[in-house]
Amino acid sequence: MSAAEGLNLWTKLRRWLDRFAAYLPILLMGLMAMTTYWLLRNAPVIPEATSELAPRHVPDYFMHDFSVKVFGADGRLKSEVVGKEGRHFPDTDTLEIDEPRIRILNTDGRLTTAVAKRGLINADGSEAQLFEKAVVVREATTNKQGTSVPRTELQSDFLHLFSNTEEVRSHLPVVLVQGAGNRFTGDGLSYDNLAQVIQLTGRVRGTLPPRQDKEKK
Numbered sequence: 005m006s007a008a009e010g011l012n013l014w015t016k017l018r019r020w021l022d023r024f025a026a027y028l029p030i031l032l033m034g035l036m037a038m039t040t041y042w043l044l045r046n047a048p049v050i051p052e053a054t055s056e057l058a059p060r061h062v063p064d065y066f067m068h069d070f071s072v073k074v075f076g077a078d079g080r081l082k083s084e085v086v087g088k089e090g091r092h093f094p095d096t097d098t099l100e101i102d103e104p105r106i107r108i109l110n111t112d113g114r115l116t117t118a119v120a121k122r123g124l125i126n127a128d129g130s131e132a133q134l135f136e137k138a139v140v141v142r143e144a145t146t147n148k149q150g151t152s153v154p155r156t157e158l159q160s161d162f163l164h165l166f167s168n169t170e171e172v173r174s175h176l177p178v179v180l181v182q183g184a185g186n187r188f189t190g191d192g193l194s195y196d197n198l199a200q201v202i203q204l205t206g207r208v209r210g211t212l213p214p215r216q217d218k219e220k221k
């Protein structure tokens with residue numbers, strides 16, 4: 005090979021190398037794009053983040069030998085709950101109480117008291133579920149019409165007390181004692197104080213004391 009031919013070959017080779025160098029970045033970018041696409045297609049699927057776990061039914065604070073009072077918009081005391089120990093559950097916004105003692109005053113000032121071994125109270129105190137040896141007592145009073153309303157006592161292993169509507173319900177056997185010795189039992193109860201309606205369900209039995217003459221003969 006002559007010197008002229010060698011020079012011509014070297015010139016062609018340099019031109020080819022220059023063109024290759026000019027296109028090299030484009031080739032590399034294309035290669036990287038293809039590699040990225042391949043990785044995305046073949047990468048393992050990552051499961052979507054699970055939704056926030058539902059809150060567990062565990063207490064977030066405790067109270068001992070406590071008292072909680074609820075007042076109306078007019079500042080009048082509506083109810084008071086006293087307990088030996090209380091546990092608040094944030095998932096249901098309820099307060100579980102050991103040995104609750106409850107006092108409720110209605111708009112007429114009539115007092116209702118309730119006790120049990122265990123209770124479950126909602127956030128605003130309008131509902132109280134009472135378990136084990138539950139007793140609810142509505143004291144005797146005289147209504148706006150001047151009629152005497154006798155003392156009423158309810159006993160059961162479960163009583164559901166609604167303070168705002170003055171109702172008491174139970175699906176378990178219940179004992180009703182009203183006035184001077186009137187005693188009734190049933191398998192369930194629906195008591196509406198505002199409507200003055202007491203409904204005992206299931207096997208209902210009653211005991212009425214004999215009337216006594218007001219004047220001796």
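Quick note: to get our numbering, add 4 to the position in the sequence shown (first position is 1). Beta carbons are placed, not taken as given, at the ideal position from N, Cα and C, and that holds for glycine.
So, under 8 Å CB-CB, residue i and residue j are touching, yes? Tell me the CB distance rounded to an integer number of Å.
i    : j    : result
R114 : R155 : So it is not a contact: roughly 11 Å between Cβ atoms.
E170 : N197 : 4 Å
L165 : A132 : 4 Å
I101 : G87  : 4 Å
E89  : F66  : 7 Å
Using the C-alpha atoms, what's the distance from residue j back to residue i?
i    : j    : result
V140 : S83  : 14 Å
M33  : T39  : 10 Å
A118 : K137 : 10 Å
L212 : L180 : 12 Å
V206 : D161 : First, the residue type needs correcting, since residue 206 is Gly and not Val in the sequence shown. In a straight line, the C-alpha of G206 is about 16 Å away from that of D161.
T98  : M36  : 59 Å
V3   : A184 : Because the chain here runs from 5 to 221, residue 3 falls outside it and cannot be looked at.
L124 : T146 : 31 Å
F188 : V178 : 8 Å
Q159 : S167 : 17 Å
I106 : A77  : 20 Å
V72  : L81  : 11 Å
A199 : V208 : 21 Å
L163 : T96  : 20 Å
V201 : K121 : 27 Å
T116 : L134 : 14 Å
S174 : A144 : 22 Å
E157 : N186 : 10 Å
Does residue i come out as helix, strand or coil in the three-state DSSP assignment?
i    : result
N46  : helix
R18  : helix
P214 : coil
T40  : helix
G206 : coil
E219 : Note that E219 scores 46 on pLDDT, short of 50, meaning its location in the model is unreliable; the coordinates nonetheless yield the value given after this. Three-state result, E219: coil.
L198 : coil
G79  : coil
L99  : strand
G192 : strand
G150 : coil
Are residue i and residue j close, meaning C-beta to C-beta below 8 Å?
i    : j    : result
S172 : L193 : As written in the sequence, residue 172 is Val, which differs from the Ser given in the question. In this structure, L193 lies closer than 8 Å to V172 by Cβ.
G129 : V85  : yes
F93  : H68  : no
D112 : K148 : yes
R45  : P63  : no
Name the DSSP beta bridge partners of residue i, please?
i    : result
R107 : E84, T117
R142 : T116, T156
K291 : Because residue 291 is not part of the residues shown, which for the chain are 5 to 221, the question remains open.
N186 : Q182
Q133 : L124, H164
R173 : H164, S194
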